[in-house]
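Each remark here refers to the structure printed beneath this line.
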Amino acid sequence: MPQAEQDRSVFRAIADPTRRAILDRLRQGPAPVNELASAFAQSRPAISKHLRILRELNVVSEQRRGRERVYRLEPAELKDVADWILPYRDFWQQSLGNLKSYLENE
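If you count the sequence shown from 1, position 43 lands on 43 in UniProt numbering, and the numbers rise without skipping.
Written as structure tokens, this is what we have:
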């Protein structure tokens, strides 16, 4: 997959709130699929589909431990997203700082 297409896919993957919640949970450490699925009202097959999408984009990795599948966050794949978002964070911090100064001077 070309890099530009890969980047768009990662953005689409993190646009889904369930996938973002899975990534948030995996920031705490690896977790088996059953543990991940138990945190959602969705069916286990639905969560497995989300995990498959994240795995195909190399945002998570899967390791088999006996009969169990354990998922781990692969944050390096999200670096381009973080790099893209950073200037917006700076913009909002500056804008909020300007608003604070304006309100304090009123």
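Just so it is clear, CB atoms sit at the ideal spot from N, CA and C, and this is done for glycine as well.
Please classify residue i: does DSSP put it in a helix, a strand, or coil?
i           : result
ARG12       : helix
GLU74       : coil
residue 112 : This structure leaves residue 112 out entirely; the chain is present only between 1 and 106.
PRO32       : strand
ALA37       : helix
What span of residues does the alpha helix (DSSP H) with residue i cover, start to end?
i     : result
LEU51 : 44–56
ARG25 : 17–26
Distance cutoff 8 Å, beta carbons only. Does residue i sit that close to anything in chain B?
i     : result
GLY66 : You won't find chain B in this structure, because it holds only one protein chain.
Just to confirm the assignment, what range does the beta strand (DSSP E) spanning residue i have?
i     : result
ARG64 : 60–65
What residues match up with residue i in a beta bridge as DSSP calls it?
i           : result
residue 108 : Past the boundaries of the shown model lies residue 108; the chain is included only from 1 to 106, so the question cannot be answered.
Taking all protein chains shown into account, decide if residue i is buried (16 or more other Cβ within 10 angstroms of its Cβ) or exposed.
i     : result
ARG72 : exposed
GLN94 : exposed
ALA37 : buried
ILE85 : exposed
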